[in-house]
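Novice:
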Amino acid sequence: MSKLKADVLHILGETIMPGQSKEVNFDVANLHTSTPVNVPVIIERSKKPGPTVLFTAGIHGDEVNGVEIVRQLIAKGINQPKIGTIICMPVINVFGFINLKREFPDGRDLNRVFPGSPTGSLAGRVAHKLIHDVIPHVDLIVDFHTGGSGRFNAPQLRYLKKDTYLNDLAKIFGAPFVLYSKNLSKSFRATCSKLGKPLLLFEGGKSFHIDEVVTNSGVNGSKRLLKHLGMLKTVFKSTRPKNACVFIEESKWLRAKYSGMFKANTSIGAYVEKDDILGNITDPYGKFNYFVRARYTGYIINVNESPIVYQGDALFHISIKIKD
Numbered sequence: 078m079s080k081l082k083a084d085v086l087h088i089l090g091e092t093i094m095p096g097q098s099k100e101v102n103f104d105v106a107n108l109h110t111s112t113p114v115n116v117p118v119i120i121e122r123s124k125k126p127g128p129t130v131l132f133t134a135g136i137h138g139d140e141v142n143g144v145e146i147v148r149q150l151i152a153k154g155i156n157q158p159k160i161g162t163i164i165c166m167p168v169i170n171v172f173g174f175i176n177l178k179r180e181f182p183d184g185r186d187l188n189r190v191f192p193g194s195p196t197g198s199l200a201g202r203v204a205h206k207l208i209h210d211v212i213p214h215v216d217l218i219v220d221f222h223t224g225g226s227g228r229f230n231a232p233q234l235r236y237l238k239k240d241t242y243l244n245d246l247a248k249i250f251g252a253p254f255v256l257y258s259k260n261l262s263k264s265f266r267a268t269c270s271k272l273g274k275p276l277l278l279f280e281g282g283k284s285f286h287i288d289e290v291v292t293n294s295g296v297n298g299s300k301r302l303l304k305h306l307g308m309l310k311t312v313f314k315s316t317r318p319k320n321a322c323v324f325i326e327e328s329k330w331l332r333a334k335y336s337g338m339f340k341a342n343t344s345i346g347a348y349v350e351k352d353d354i355l356g357n358i359t360d361p362y363g364k365f366n367y368f369v370r371a372r373y374t375g376y377i378i379n380v381n382e383s384p385i386v387y388q389g390d391a392l393f394h395i396s397i398k399i400k401d
């Protein structure tokens, strides 16, 4: 963590003094109708010096559960720090959020164009603005995501296994699972890592859906993190997680052997044994019924909730190696 900051904050063309609250605009381009697009950035500063934490969501426009987590942090006043500064960006890809689409109007996935370019595509320009105008001011980022394509993720944190600092923070955050994973090329996480900015990526739920358990996991984890940093006001309670976090070193997808109608009968987060029946694939005519069995013993960290699957589709994500 960098030095404590109680100085004047110059960000996105605005000046924010210690103890001030301000909503600034992260604008890049208008809609095709020439209508201005306001992308609010909510900044809360304590008079007392401390770290600067950034909460982000909505890099993918269809991942509304992440947006809901950051919204609750703001609505409940959790983002008003005891010390330091908290910056909230609930919807980064507002263009996709308006249309409930994962990508930008230019068809690009924002999380594959970082660090972006000031003269590139629309997605690239947003990425560049975020990296150059916001990230230099922060000490820690918590980025909220969900599963896509009907696949429901158990609440989990993702980061590089070798990152001992994030490993310590993950234990404090207290999500049910940590999935060690490599940084994807041109992703927000990979770019922040290269800049020396620690980022915890939270995954939970699925696109086009808000789940109370996932939301509570994200909000409660954020409170624990802020309390650890001395930033959570005493009016808010921070409870310990019910169960210890499971650290997953290796995992594999169980894929559909056949196409058909699919129904899972195991719950997210469940511990299963090899050969346990996890669900079944049938045909619309009642002539075929294939039972999907676990090929490994481990935790179910993702379930495909789509009623129709094709041969080769990912059905279950199962842990196969857990850190002792």
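Numbering-wise (my numbering), the sequence shown opens with residue 78 and increments by one.
Note that beta-carbon positions come from the ideal geometry of N, C-alpha and C, so glycine has one too.
Values in this document were obtained by computation on a predicted structure and should not be read as measured data.
Classify Arg-317: buried if its beta carbon has 16 or more other beta carbons within 10 angstroms, exposed otherwise.
Specialist: As a position in the sequence shown, residue 317 is number 240, starting the count at 1. By the 10 Å Cβ count, Arg-317 comes out exposed.
Novice: Have a look at Val-323 and Lys-310 and give me their C-alpha separation to the nearest angstrom.
Specialist: Taking the first residue of the sequence shown as 1, we reach residue 323 at position 246. Taking the first residue of the sequence shown as 1, we reach residue 310 at position 233. Using only the alpha carbons, I get a separation of about 29 Å.
Novice: Taking buried to mean at least 16 other C-beta atoms within 10 Å of its own C-beta, is Val-211 buried or exposed?
Specialist: Your numbering for residue 211 matches position 134 in the sequence shown. Val-211 comes out buried.
Novice: For a minimum of 3 consecutive residues, which ranges assigned as the beta strand (DSSP E) are wholly contained in the stretch 181-257?
Specialist: Fully enclosed beta strand (DSSP E) runs of 3 or longer: 217-224, 228-236 and 254-257.
Novice: On the criterion of 16 or more Cβ atoms from any shown chain inside 10 Å, does His-109 qualify as buried, or is it exposed?
Specialist: For the purposes of this step, residue 109 is taken as residue 32 along the sequence shown, with counting starting at 1. Classification for His-109: exposed.
Novice: Hey, Pro-167 and Ser-123: beta-carbon distance below 8 Å or not?
Specialist: Taking the first residue of the sequence shown as position 1, residue 167 is located at position 90. Taking the first residue of the sequence shown as position 1, residue 123 is located at position 46. Contact: no.
Novice: Would you check if the stretch 198-209 and the stretch 220-231 touch, i.e. whether three or more CB-CB distances between them fall below 8 Å?
Specialist: Result no; under three Cβ-Cβ pairs closer than 8 Å.
Novice: Taking C-beta to C-beta, are Asn-342 and Leu-331 nearer than 8 Å?
Specialist: On the sequence shown, residue 342 is found 265 positions in, with the first residue counted as 1. On the sequence shown, residue 331 is found 254 positions in, with the first residue counted as 1. No, they are not a contact pair.
Novice: Enumerate in chain order the residues of its own chain whose CB-to-CB distance from Leu-392 is below 8 Å, with the five nearest sequence positions on each side excluded.
Specialist: Along the sequence shown, one-based indexing puts residue 392 at 315. Within the same chain, Leu-392 has close Cβ partners Trp-330, Leu-331, Arg-332, Ala-333, Phe-339, Ala-341, Leu-355, Gly-356, Val-369, Val-380, Asn-381 and Val-386.
Novice: Along the beta strand (DSSP E) that carries His-87, what are the first and last residues, could you check?
Specialist: Indexing the sequence shown from 1 puts residue 87 at position 10. 86-88 is the span of the beta strand (DSSP E), which, as asked, contains His-87.
Novice: Secondary structure at Arg-266, three-state DSSP: helix, strand or coil?
Specialist: Here residue 266 corresponds to residue number 189 of the sequence shown, with the count starting at 1. Residue state, collapsed to three classes: helix.
Novice: Ignore the nearest five residues each way along the sequence and tell me which others in Thr-292's own chain have a CB closer than 6 Å to its CB.
Specialist: In the sequence shown, residue 292 corresponds to position 215, counting from 1. Cβ within range, chain order: Glu-145 and Ile-146.
Novice: Hey, is Leu-261 close to the ligand SAH, as in C-beta under 7 Å from one of its heavy atoms?
Specialist: The ligand SAH is absent from the structure shown, which contains no ligands of any kind.
Novice: Can you have a look at Tyr-257 and say buried or exposed, based on whether 16 or more other CB atoms are within 10 angstroms of its CB?
Specialist: On the sequence shown, position 180 is the one that residue 257 refers to. Buried, because 16 or more other Cβ atoms sit within 10 Å of the Cβ of Tyr-257.
Novice: Check Val-105 in the structure and name its three-state DSSP category.
Specialist: Here the question's residue 105 lines up with position 28 in the sequence shown. Val-105: coil per DSSP, three-state reduction.
Novice: Report the residue from Asn-115, Val-85, Ile-287 and Asp-360 whose alpha carbon sits nearest the alpha carbon of Phe-221.
Specialist: The residue you call residue 221 lines up with position 144 of the sequence shown. Of the candidates Asn-115, Val-85, Ile-287 and Asp-360, the one whose C-alpha sits nearest the C-alpha of Phe-221 is Ile-287.
Novice: To which residues of the same chain is Phe-265 closer than 7 Å at the C-beta, ignoring the five residues directly before and after it?
Specialist: As a working mapping, residue 265 is identified with position 188 in the sequence shown. Correct list, in chain order: Ile-136, Asn-188, Phe-191 and Asp-220.
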